[in-house]
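Chemist: The listed protein sequences correspond, in order, to chains A and B.
Here the working numbering is used: the first residue of the first sequence is 17, the next is one more, and so on.
Here the working numbering is used: the first residue of the second sequence is 502, the next is one more, and so on.
Quick one: structure below, then a few questions.
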Amino acid sequence: MRRRKKGRVTMNFPKELKYSRTHEWVRLQEDGTAYIGITDYAQDQLGDLVFVNLPSAGDSLQAGEPFADVESVKAVSDVNAPVSGKVKEVNEALSDAPEKMNEAPYDAWFVLAEDVTDTDGLMTAEEYEAFITEEG
Amino acid sequence: MELKRTPLYEAHLRCGGKMVEFGGFEMPVQYKTGVIREHMAVRTACGLFDVSHMGEVIMQGPGAVSDLNRLLTNDYTVMEDGQARYSPMCNEQGGTVDDLIVYRITGDKYFVVVNASNREKDVAWIKAHVSDSTAVEDVSDAYGQIALQGPFAERILLKLTAEENIPRKNYTALWDRDVGGVNCIVSRTGYTGSDGFELYTPAGETEKLWDLLLEAGEEEVIPCGLGARDTLRLEAGMPLYGHELSDTISPLTSGLGYFVKMDKADFIGKAALEAGGTPAQCRVGLKAVGKGIMREHQDVYAEGRKIGQTTSGTHCPYIGYPAAMAIIDREYSAVGTAVQVDVRGRMVDAEVVKLPFYKK
């Protein structure tokens with residue numbers, strides 16, 4: 017358990033998600049689709065996020081390659097696809113409320129991907145927490 | 502390269518500052534509060550900034566005024582003790598060496614405050630261009646400087662000093678004043694567009710003053726970093742050297758004609774500025790109409806062709822929209838003109854708006 021800043025409730029690294037080395041999370045679904053977003057660690061490092069540049073439905077995703085970017089007041093940061101596939105759906109609501117990425121990073125999904133492959137490199141919650149502890 | 506530290510380095514660590522490199526110094530870009538909260542604090546309450554990295558130079562001698570008038574585009578012949586006056590400093594080509602503020606201490610003694618990133622360059626330039634009777638001394642390391650900015654700045658300062666030690670008028674300063682037991686120059690100036698003060702102290706006492714101000718301000722003041730300093734000055738439409746001014750961007754192009762007194766006998770760059778006539782480009786404010794945040798050095802288009810470039814740009818927390826300043830062809834500078842900005846390969850619609858974006 018880790019105490020979060022800004023008075024938010026202590027949060028786990030959700031166990032049902034998978035994680036990438038570049039701090040994206042993936043919710044793999046039964047039907048081969050997956051929701052993708054950025055982790056709590058990522059939003060904490062980036063600071064107040066004020067903008068998100070999302071791809072379009074139909075765009076292809078390549079594991080490890082940028083597919084979106086987020087902007088804090090001062091900087092732009094690439095978000096990498098944690099898996100390969102195709103964008104099925106884009107979370108347009110996130111464009112209008114970028115602060116959700118900071119407030120609820122595991123609810124603030126960017127895209128729903130389909131035809132998902134290249135999931136082998138993903139970490140479990142435990143592995144990701146250990147990875148961060150080493151990095152930090 | 503080893504980075505320099507201001508007298509407030511330890512204070513920044515204590516306050517949770519996130520340290521980055523700026524102008525050769527280790528400075529806080531923000532604290533745990535974050536850029537947005539720090540920016541809003543200045544607009545609605547009060548913020549405290551370390552500006553000790555700025556350079557200070559004392560010019561003294563019977564020829565000091567005429568030297569200032571030759572070095573700078575503004576006119577320094579009519580000033581009162583304690584008065585401050587902003588000016589660009591040009592090179593022979595009419596480009597800008599730096600922009601700075603000059604305080605008159607007495608008729609033949611002046612306190613010149615320069616950008617941190619240009620300190621060495623400015624001192625060398627000034628020394629190379631003054632008359633023999635003018636002494637030029639770089640006193641930057643002797644001073645620390647704290648900016649207290651926001652609507653509550655005056656009432657916080659009143660907790661530490663008597664009313665007579667607080668300048669009433671903007672761009673005036675009072676020398677040798679006791680603020681909470683610390684000897685200060687109290688200047689009613691700032692780089693945020695909100696009301697406030699800049700306090701110069703002996704370097705050895707700056708940390709003490711920082712802590713006193715935080716204590717006196719209680720809940721009403723928070724430390725603010727360079728991130729907020731930049732978003733605030735941009736909202737206020739204030740130029741930043743290296744962006745809206747540079748050795749190839751003249752003060753006239755940058756819309757600072759008010760500070761360029763062409764009827765002075767002579768000053769460095771005058772001939773070039775005269776020969777240049779009305780500049781072909783000028784500085785404008787841009788407001789994003791489409792979705793996107795304009796940043797610096799992005800191409801600006803109108804009617805399908807490139808008309809200039811942004812010089813600064815960011816999401817501005819108080820006004821609540823992405824704003825940029827740009828230098829563009831004069832024909833497109835009318836308020837309301839529709840332009841497009843190339844934001845990393847994507848064209849974002851924007852429109853020319855009046856500067857400043859924010860006025861207190």
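For glycine and all other residues, C-beta sits at the position ideal for the given N, C-alpha and C.
Does chain A have any CB closer than 8 angstroms to the CB of B:Gly694?
Modeler: So, not an interface residue.
Chemist: Leaving aside the five residues before and after B:His816 along the sequence, list all residues of the same chain whose C-beta is less than 7 angstroms from its C-beta, in chain order.
Modeler: Closer than 7 angstroms at the Cβ level, and outside the excluded window around B:His816, lie Ile794, Pro823.
Chemist: Does any C-beta atom of chain A lie closer than 8 angstroms to the C-beta of B:Gln531?
Modeler: B:Gln531 counts as touching chain A.
Chemist: To be precise: take each residue of the segment 88–109 of chain A, compare its Cβ to all Cβ atoms of chain B, and keep it if any distance is under 8 angstroms. Which residues remain?
Modeler: Those residues of the segment 88–109 of chain A that come within reach of chain B (Cβ to Cβ, closer than 8 angstroms) are Ser88, Val89, Lys90, Val92.
Chemist: With distance defined between alpha-carbon atoms, name the residue in A:Arg37, A:Glu32, A:Phe147 nearest to A:Glu46.
Modeler: Per the Cα distances, A:Glu32.
Chemist: Could you check what DSSP says for A:Ala153 in three-state terms: helix, strand or coil?
Modeler: As displayed, chain A neither begins before 17 nor continues past 152, which places residue 153 of chain A out of reach and without an answer.
Chemist: Am I right that B:Met520 and B:Pro529 are in contact with their C-beta atoms under 8 angstroms? What's the rounded C-beta distance?
Modeler: So it is a contact: roughly 6 angstroms between Cβ atoms.
Chemist: Please classify B:Val836: is it buried, with 16 or more other beta-carbons within 10 angstroms of its beta-carbon, or exposed?
Modeler: Label assigned to B:Val836: exposed.
Chemist: Check the DSSP bridge columns for A:Arg43 and list the partner residues they point to.
Modeler: Answer is A:Tyr51.
Chemist: Along chain B, in chain order, which residues have C-beta atoms closer than 7 angstroms to that of A:Asp64?
Modeler: Simply Gly535, Val536, Ile537.
Chemist: Leaving aside the five residues before and after A:Lys22 along the sequence, list all residues of the same chain whose C-beta is less than 7 angstroms from its C-beta, in chain order.
Modeler: Low per-residue confidence applies at A:Lys22: pLDDT is 41, beneath 50, and the placement is therefore not dependable, though the value from the model is reported in the following sentence. Contacts found: none.
Chemist: Could you pull the DSSP bridge partners for B:His816 from this structure?
Modeler: The partner list for B:His816 (beta bridge, DSSP) reads B:Pro823.
Chemist: Are A:Ser88 and A:Leu62 closer than 8 angstroms when you measure CB to CB?
Modeler: In contact: A:Ser88 and A:Leu62 (Cβ atoms closer than 8 angstroms).
Chemist: Give me the Cβ distance between B:Ile657 and B:Gly718, rounded to the nearest whole Å; I'm assuming they're in contact under 8 angstroms.
Modeler: About 4 angstroms; that satisfies the 8 angstroms criterion.
Chemist: Quick one: residues in its chain with C-beta nearer than 7 angstroms to the C-beta of B:Arg831, no 5 flanking neighbours on either side, listed in chain order?
Modeler: Contacts found: Ala781, Gln782, Cys783.
Chemist: Taking A:Gln61 as part of the beta strand (DSSP E), name the residues at either end of that continuous run.
Modeler: It is not in any beta strand (DSSP E) - A:Gln61 instead sits in the alpha helix (DSSP H) that spans 56–62.
Chemist: Put A:Thr149 into one of helix, strand or coil per three-state DSSP.
Modeler: Of the three classes helix, strand and coil, the one that applies to A:Thr149 here is helix, per DSSP.
Chemist: Whose C-beta lies closer than 7 angstroms to the C-beta of A:Val106 among residues of the same chain, with five residues either side of it excluded?
Modeler: Leu70, Pro71, Ser72, Ala73, Val127, listed in sequence order.
Chemist: With DSSP run on the structure shown, which of helix, strand or coil describes A:Leu138?
Modeler: Of the three classes helix, strand and coil, the one that applies to A:Leu138 here is coil, per DSSP.
Chemist: Any residues in the segment 789–810 of chain B with a beta carbon nearer than 8 angstroms to a beta carbon of chain A? Which ones, in chain order?
Modeler: Residues passing the 8 angstroms Cβ filter: Lys792, Gly793, Ile794, Arg796.
Chemist: Quick check: is the beta carbon of B:Gly595 nearer than 8 angstroms to any beta carbon in chain A?
Modeler: It does not; no Cβ of chain A falls within 8 angstroms.
Chemist: Apply the 10 Å Cβ neighbour rule to B:Ala674 and answer buried if 16 or more other Cβ atoms are within range, or exposed otherwise.
Modeler: By the 10 Å Cβ count, B:Ala674 comes out buried.
Chemist: Residues in the same chain with beta-carbon distance under 7 angstroms from B:Glu797, minus the five sequence neighbours each way, listed in chain order, please.
Modeler: Counting only Cβ-Cβ distances below 7 angstroms, and skipping sequence neighbours, we find His744, Thr811, Thr812, Ser813, Gly814.
Chemist: Since B:Thr545 is in the alpha helix (DSSP H), which residue starts that stretch and which ends it?
Modeler: Note, B:Thr545: alpha helix (DSSP H), 536–545.
Chemist: Between B:Thr812 and chain A, is there a C-beta pair that is closer than 8 angstroms?
Modeler: So, not an interface residue.
Chemist: Could you give the DSSP three-state label for B:Phe760: helix, strand or coil?
Modeler: Here B:Phe760 sits in helix by DSSP.
Chemist: Kindly identify the DSSP beta-bridge partner or partners of B:Phe523.
Modeler: Answer is B:Phe526.
Chemist: What does DSSP give as the partner residue(s) for A:Glu130 in the beta ladder?
Modeler: DSSP output for A:Glu130 lists A:Lys102 as bridge partner(s).
Chemist: So is A:Phe67 in contact with chain B if we call contact Cβ pairs under 8 angstroms?
Modeler: Chain B contact via Cβ: present.
Chemist: Count the C-beta pairs between the segment 722–736 of chain B and the segment 546–561 of chain B that are closer than 8 angstroms, then say yes if the count reaches three, no if not.
Modeler: Yes, the segment 722–736 of chain B touches the segment 546–561 of chain B.
Chemist: Which runs of the alpha helix (DSSP H) spanning at least 4 residues fall entirely within the segment 696–756 of chain B, listed in chain order?
Modeler: If we require 4 residues or more, the alpha helix (DSSP H) runs fully inside the segment 696–756 of chain B come out as 707–718, 727–736.
Chemist: Residues of chain A with a CB under 8 angstroms from the CB of B:His816: which are they?
Modeler: The contacting residues are Val66, Phe67, Glu87, Val89.
Chemist: Would you say A:Ser76 lies against chain B (beta-carbon separation less than 8 angstroms)?
Modeler: A:Ser76 does not count as touching chain B.
Chemist: Is it buried or exposed, B:Pro752, if we count other Cβ atoms within 10 angstroms and call 16 or more buried?
Modeler: Burial call: buried.
Chemist: So B:Val785 and B:Ser834 are in contact, right, with Cβ under 8 angstroms, and what is the actual spacing, rounded?
Modeler: Confirmed, Cβ separation roughly 5 angstroms.
Chemist: Could you compute how far the alpha carbon of A:Arg24 sits from the alpha carbon of B:Thr534?
Modeler: In this prediction, A:Arg24 scores a pLDDT of 40, lower than 50, which makes its location untrustworthy; no coordinate-derived value is stated.
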